[in-house]
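**Student:** For reference, the structure I am asking about is given below.
There are 2 protein chains.
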Amino acid sequence: MLTDRQLLILQVIIDDFIRSGQPVGSRTLSKKHEISLSSATIRNEMADLEELGYIEKTHVSSGRVPSEKGYRYYVDHLLSPQRLTQEDIQKIKSIFAERIYELEKVVQKSAQILSDLTNYTSIALGPAVKDNKLKRIQIIPLNKQTAVAIIVTDTGHVENHVITIPASVDPSDLEKMVNILNERLIGVPLIDLKDKIYKEVADVLRMHIHNYDSMLKTIADTLDIPQEEKMFFAGKTNMLNQPEFSDIQKVRPLMKMIEQEKDFYRLLRKHNRKGIQVTIGRENQLSGMENCSLITATYSIGKEQLGTIAILGPTRMEYSRVITILNRVASDLSTVLTKWYQNN
Amino acid sequence: MLTDRQLLILQVIIDDFIRSGQPVGSRTLSKKHEISLSSATIRNEMADLEELGYIEKTHVSSGRVPSEKGYRYYVDHLLSPQRLTQEDIQKIKSIFAERIYELEKVVQKSAQILSDLTNYTSIALGPAVKDNKLKRIQIIPLNKQTAVAIIVTDTGHVENHVITIPASVDPSDLEKMVNILNERLIGVPLIDLKDKIYKEVADVLRMHIHNYDSMLKTIADTLDIPQEEKMFFAGKTNMLNQPEFSDIQKVRPLMKMIEQEKDFYRLLRKHNRKGIQVTIGRENQLSGMENCSLITATYSIGKEQLGTIAILGPTRMEYSRVITILNRVASDLSTVLTKWYQNN
DNA sequence: GTTAGCACTCAAACACCCCGAGTGCTAAAT
DNA sequence: ATTTAGCACTCGGGGTGTTTGAGTGCTAAC
Numbered sequence: 005m006l007t008d009r010q011l012l013i014l015q016v017i018i019d020d021f022i023r024s025g026q027p028v029g030s031r032t033l034s035k036k037h038e039i040s041l042s043s044a045t046i047r048n049e050m051a052d053l054e055e056l057g058y059i060e061k062t063h064v065s066s067g068r069v070p071s072e073k074g075y076r077y078y079v080d081h082l083l084s085p086q087r088l089t090q091e092d093i094q095k096i097k098s099i100f101a102e103r104i105y106e107l108e109k110v111v112q113k114s115a116q117i118l119s120d121l122t123n124y125t126s127i128a129l130g131p132a133v134k135d136n137k138l139k140r141i142q143i144i145p146l147n148k149q150t151a152v153a154i155i156v157t158d159t160g161h162v163e164n165h166v167i168t169i170p171a172s173v174d175p176s177d178l179e180k181m182v183n184i185l186n187e188r189l190i191g192v193p194l195i196d197l198k199d200k201i202y203k204e205v206a207d208v209l210r211m212h213i214h215n216y217d218s219m220l221k222t223i224a225d226t227l228d229i230p231q232e233e234k235m236f237f238a239g240k241t242n243m244l245n246q247p248e249f250s251d252i253q254k255v256r257p258l259m260k261m262i263e264q265e266k267d268f269y270r271l272l273r274k275h276n277r278k279g280i281q282v283t284i285g286r287e288n289q290l291s292g293m294e295n296c297s298l299i300t301a302t303y304s305i306g307k308e309q310l311g312t313i314a315i316l317g318p319t320r321m322e323y324s325r326v327i328t329i330l331n332r333v334a335s336d337l338s339t340v341l342t343k344w345y346q347n348n
Numbered sequence: 005m006l007t008d009r010q011l012l013i014l015q016v017i018i019d020d021f022i023r024s025g026q027p028v029g030s031r032t033l034s035k036k037h038e039i040s041l042s043s044a045t046i047r048n049e050m051a052d053l054e055e056l057g058y059i060e061k062t063h064v065s066s067g068r069v070p071s072e073k074g075y076r077y078y079v080d081h082l083l084s085p086q087r088l089t090q091e092d093i094q095k096i097k098s099i100f101a102e103r104i105y106e107l108e109k110v111v112q113k114s115a116q117i118l119s120d121l122t123n124y125t126s127i128a129l130g131p132a133v134k135d136n137k138l139k140r141i142q143i144i145p146l147n148k149q150t151a152v153a154i155i156v157t158d159t160g161h162v163e164n165h166v167i168t169i170p171a172s173v174d175p176s177d178l179e180k181m182v183n184i185l186n187e188r189l190i191g192v193p194l195i196d197l198k199d200k201i202y203k204e205v206a207d208v209l210r211m212h213i214h215n216y217d218s219m220l221k222t223i224a225d226t227l228d229i230p231q232e233e234k235m236f237f238a239g240k241t242n243m244l245n246q247p248e249f250s251d252i253q254k255v256r257p258l259m260k261m262i263e264q265e266k267d268f269y270r271l272l273r274k275h276n277r278k279g280i281q282v283t284i285g286r287e288n289q290l291s292g293m294e295n296c297s298l299i300t301a302t303y304s305i306g307k308e309q310l311g312t313i314a315i316l317g318p319t320r321m322e323y324s325r326v327i328t329i330l331n332r333v334a335s336d337l338s339t340v341l342t343k344w345y346q347n348n
């Protein structure tokens with residue numbers, strides 16, 4: 005177990021390192037007013053902390069730098085609470101300022117504001133479309149062979165798809181079919197649509213529609229909505245401003261990952277616990293992210309958890325501030341979205 | 005005027021520099037089999053080329069490097085024609101392989117393939133939605149206060165918008181209004197919609213609909229489609245692989261620009277001449293792009309020019325290859341799109 | 001238990017030198 | 001009149017050596 009003095013020293017080392025990015029030496033620490041010990045004493049304590057694995061040296065005679073274990077302890081036990089400035093709060097409020105009622109746009113705006121506030125990269129995982137419920141199917145012919153199929157969900161989300169219509173299908177049948185689909189499928193979660201069509205609607209269609217089978221697959225494909233939640237990034241290049249990434253060799257794999265996005269999708273899916281979740285460096289188990297930390301929070305409508313907002317930064321990230329901000333944004337987001345969308 | 009020999013030397017210098025990225029010296033040149041002159045003679049010629057502004061030295065005793073004027077001359081007069089490999093052609097064909105009938109997706113895929121083929125950043129400017137013609141307006145109520153307004157165009161493009169419905173508006177009136185709008189507005193280019201509503205449809209609405217004025221603005225706003233064409237990027241981080249950008253200081257402003265996208269929108273709008281257009285370094289008049297060149301081509305449906313595809317690379321770009329590829333993609337794109345969309 | 005003092009280490013900055021690739025110029029060769 | 005060989009010169013880059021300063025660990029005294 006760490007003594008109070010060791011905790012104090014550990015905390016001050018990490019705070020200082022997060023601020024300066026430079027290894028922290030014993031003399032620097034002894035001059036801080038929170039600490040009234042000689043540098044020699046501090047050196048002894050630091051040697052112990054190093055032996056316990058909380059801090060490291062970059063070379064034999066350098067100051068100390070937090071290890072991943074050190075950051076982990078810091079995040080779990082040593083965070084000094086932060087207060088947001090009036091300005092910060094104002095910015096967060098601005099997410100909801102223009103009355104954008106489109107859920108995805110609000111989420112996207114949140115990502116934007118988060119990266120503005122923190123100068124890190126921010127990622128927001130939108131609500132899963134597959135859980136939305138069908139509000140309306142519409143098929144609008146463009147010409148003889150093609151039409152646009154449109155699906156509207158109860159949250160106002162719209163999916164659309166250009167389809168080709170077999171020549172054998174009669175336009176009036178098409179209309180009839182759309183009516184049947186709407187009658188039978190409204191209120192069904194999108195993810196269940198395909199199933200339901202084959203199991204319940206196919207029979208009805210067969211009774212009323214000529215050539216129904218040539219259409220069935222087209223329709224079913226149309227309703228095969230992308231399973232993945234939309235992801236919004238903001239401040240993708242902010243990592244380039246971090247001094248630890250001033251070497252282009254080190255950023256390249258990371259930027260590649262950020263550009264491709266898919267790794268982060270998996271990562272965020274794993275971060276689905278309610279509340280703040282922090283993973284540090286190699287805890288992320290991704291080779292480009294050894295020197296990065298990811299902090300996530302979830303937002304919800306009522307009790308139903310909708311999505312995740314996240315900040316990606318260097319392990320030397322301002323954990324306190326970021327956590328405070330994420331908490332605030334997530335809770336405001338949940339409150340507002342609940343108000344807007346709760347009683348459909 | 006340049007002599008043939010000077011042209012040869014200029015061409016070989018630029019070809020070599022594009023390949024190697026290293027300043028080219030007289031001895032290197034004299035060893036090339038295209039050139040059978042002593043290094044001393046070449047030095048004299050190079051001194052002249054430098055005086056004329058086509059090449060530069062990086063320092064007093066360095067080899068020569070093409071100047072912007074040199075690249076300009078090279079692009080305008082010295083390009084050696086390239087042949088695409090079977091593999092390249094295959095990749096280009098793959099743009100149209102899955103029968104995606106959505107125009108925007110094809111354009112996006114083109115950008116993807118272009119950056120794959122060249123290892124540079126690629127940008128595609130989609131067709132302007134504002135010129136599409138209205139096919140159908142649909143308003144689908146979500147609950148008492150909100151509804152989704154959907155606009156479908158003749159190209160199968162779908163725009164949607166969540167709107168709030170004033171409490172004073174009757175649902176049946178809403179339906180009636182949508183019918184009127186569809187009757188009057190189908191076939192109208194999106195950009196003229198707003199005008200037309202106020203000038204021609206407003207009167208009709210007043211006659212048939214209660215509280216029509218409280219809806220009019222909502223509707224008009226809905227139809228106020230984003231004027232800007234969609235832009236698709238691919239290979240945003242490819243610039244990081246170019247040796248001339250190995251210094252992070254130099255990439256940062258460029259990456260910022262690429263992330264924000266809007267500067268490129270303006271740039272591409274300017275590049276709207278039919279055929280290949282090349283701007284080199286400071287010709288782009290953007291401070292992050294001193295060391296970049298932009299090559300663009302346009303694609304069309306029939307005679308109607310639709311959009312632009314572009315490659316962004318270092319000034320030391322493989323102009324020949326990129327131009328050949330862009331030409332090919334633009335022409336294939338035009339051919340296929342014309343086939344698919346010509347006779348609606 | 002704490003501190004002062006000392007010997008020691010290492011990275012970073014700097015000076016220095018040398019090498020090689022390049023130049024321009026001049027005089028001789030073609 | 002060109003072309004070329006030869007030579008003196010320049011400069012960047014890489015290597016080496018030195019100094020400086022910020023750090024450490026250890027020991028002995030407080």
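The listed protein sequences correspond, in order, to chains A and B. For the first sequence, the numbering used here begins at 5 and goes up steadily by one. For the second sequence, the numbering used here begins at 5 and goes up steadily by one. Glycine is no exception: its CB is placed at the ideal position from the N, C-alpha and C atoms.
By a C-beta neighbour count over all protein chains shown, 10 Å radius and 16 as the cutoff for buried, is residue 171/A buried or exposed?
**Tutor:** Residue 171/A comes out exposed.
**Student:** Between the region 237 to 253 of chain A and chain B, which residues of the former have CB atoms less than 7 Å from a CB of the latter, in chain order?
**Tutor:** Here the close residues are 240, 241, 244, 250 and 252.
**Student:** Given residue 267/A, which residues of its chain have a CB within under 7 Å of its CB, disregarding the five upstream and five downstream residues?
**Tutor:** Within the same chain, residue 267/A has close Cβ partners 261 and 290.
**Student:** What runs of the beta strand (DSSP E), each 3 residues or longer, lie entirely inside the region 288 to 316 of chain A?
**Tutor:** Runs found: 296 to 305.
**Student:** Do residue 317/B and residue 335/B have their CB atoms nearer than 8 Å?
**Tutor:** No, Cβ-Cβ distance for residue 317/B and residue 335/B is not below 8 Å.
**Student:** Can you round the beta-carbon distance between residue 17/A and residue 85/A to whole angstroms, since I take them to be within the 8 Å contact cut?
**Tutor:** The pair is not a contact, with the Cβ atoms about 19 Å apart (cut-off 8 Å).
**Student:** Is residue 173/A helix, strand or coil by DSSP?
**Tutor:** DSSP places residue 173/A in coil when its eight states are reduced to three.
**Student:** Give me the chain A residues within the contact set of residue 146/B, using Cβ-Cβ distance strictly less than 7 Å, ordered along the chain.
**Tutor:** The contacting residues are 139, 158, 160 and 348.
**Student:** Report yes or no: do three or more beta-carbon pairs, one from the region 110 to 129 of chain A and one from the region 314 to 329 of chain A, lie closer than 8 Å?
**Tutor:** They touch, by the three-pair rule.
**Student:** Return no unless some Cβ of chain A is closer than 8 Å to the Cβ of residue 259/B.
**Tutor:** Closer than 8 Å to some Cβ of chain A, the Cβ of residue 259/B qualifies, so yes.
**Student:** Distance cutoff 8 Å, beta carbons only. Does residue 337/A sit that close to anything in chain B?
**Tutor:** False, the Cβ-Cβ gap to chain B never drops below 8 Å.
**Student:** Give the single residue among 239/B, 235/B, 248/B and 152/B whose Cα lies nearest to the Cα of residue 273/B.
**Tutor:** It is 235/B whose Cα lies nearest to the Cα of residue 273/B.
**Student:** With DSSP run on the structure shown, which of helix, strand or coil describes residue 348/A?
**Tutor:** Low confidence applies to residue 348/A: its pLDDT is 48, below 50, so where it sits in the model is not reliable, and the reading given next is rough at best. If DSSP states are grouped into helix, strand and coil, residue 348/A belongs with coil.
**Student:** Look at the alpha carbon of residue 348/A and the alpha carbon of residue 303/A, and state the distance between them as a whole number of angstroms.
**Tutor:** Low confidence applies here, because residue 348/A scores a pLDDT of 48, under 50, leaving its location unreliable and the question unanswered by this model.
**Student:** Need the endpoints of the alpha helix (DSSP H) that residue 21/B sits in, please.
**Tutor:** 8 to 24 is the span of the alpha helix (DSSP H), which, as asked, contains residue 21/B.
**Student:** Please state whether DSSP places residue 212/A in a helix, a strand or coil.
**Tutor:** DSSP places residue 212/A in helix when its eight states are reduced to three.
**Student:** With a cut-off of 8 Å on the beta carbons, I'd call residue 230/A and residue 133/A a contact; round off their distance for me.
**Tutor:** Contact holds; Cβ gap of about 7 Å.
**Student:** Run through the DSSP bridge pairs and tell me what residue 281/A is partnered with.
**Tutor:** Answer by DSSP bridge pairing, in chain order: 300/A.
**Student:** Who are residue 151/B's beta bridge partners in DSSP?
**Tutor:** According to DSSP, residue 151/B bridges with 145/B and 167/B.
**Student:** Can you have a look at residue 19/A and say buried or exposed, based on whether 16 or more other CB atoms are within 10 angstroms of its CB?
**Tutor:** Flag for residue 19/A reads buried.
**Student:** Residue 256/A touches chain B at which residues, Cβ-Cβ below 9 Å?
**Tutor:** Correct list: 241, 244 and 245.
**Student:** If I measure Cβ to Cβ from residue 205/B and keep anything under 6 Å in the same chain, skipping five residues before and after, which residues do I get?
**Tutor:** Once the five neighbours on either side are set aside, the close Cβ partners of residue 205/B are 188.
**Student:** Could you spell out the range, first to last residue, of the beta strand (DSSP E) harbouring residue 268/A?
**Tutor:** Unbroken run through residue 268/A is the alpha helix (DSSP H), 266 to 274; no beta strand (DSSP E).
**Student:** Measure the alpha-carbon distance for residue 227/A versus residue 198/A and round it to whole angstroms.
**Tutor:** Spanning the two alpha carbons is a distance of roughly 6 Å.
**Student:** Would you mind telling me which residues of chain B sit closer than 8 Å to residue 154/A, beta carbon to beta carbon, in chain order?
**Tutor:** By Cβ distance, chain B contributes 142, 154, 156 and 162.
**Student:** Cβ of residue 166/B less than 8 Å from any chain A Cβ?
**Tutor:** Residue 166/B counts as touching chain A.
**Student:** Report yes or no: do three or more beta-carbon pairs, one from the region 85 to 95 of chain A and one from the region 55 to 74 of chain A, lie closer than 8 Å?
**Tutor:** At 8 Å Cβ cutoff, the stretches do not touch.
**Student:** So, is the C-beta of residue 179/A closer than 8 Å to a C-beta in chain B?
**Tutor:** With 8 Å as the cut-off, residue 179/A does not count as an interface residue toward chain B.
**Student:** Determine which residues share a DSSP beta bridge with residue 49/A and list them.
**Tutor:** Residue 49/A is not bridged to any residue.
**Student:** With three or more C-beta pairs closer than 8 Å as the rule, is the region 202 to 221 of chain B touching the region 238 to 254 of chain B?
**Tutor:** Output reads no: the region 202 to 221 of chain B does not touch the region 238 to 254 of chain B.
**Student:** Assuming residue 108/B contacts residue 130/B under a Cβ cut-off of 8 Å, what Cβ separation, rounded to an integer in Å, is found between them?
**Tutor:** That belief holds up - the Cβ atoms of residue 108/B and residue 130/B are roughly 5 Å apart, short of 8 Å.
**Student:** Let's see if you can read the secondary structure: which residues bound the alpha helix (DSSP H) around residue 121/B?
**Tutor:** Residues 107 to 122.
**Student:** Are the C-beta of residue 265/A and some C-beta of chain B separated by less than 8 Å?
**Tutor:** Judged by the 8 Å Cβ criterion, residue 265/A is not in contact with chain B.
**Student:** On the three-state DSSP scale, how would you describe residue 197/B?
**Tutor:** In the structure shown, residue 197/B sits in a helix (DSSP, three-state: H, G or I).
**Student:** Please report the distance separating the alpha-carbon of residue 146/B from that of residue 165/B.
**Tutor:** The alpha-carbon atoms of residue 146/B and residue 165/B are separated by roughly 12 Å.
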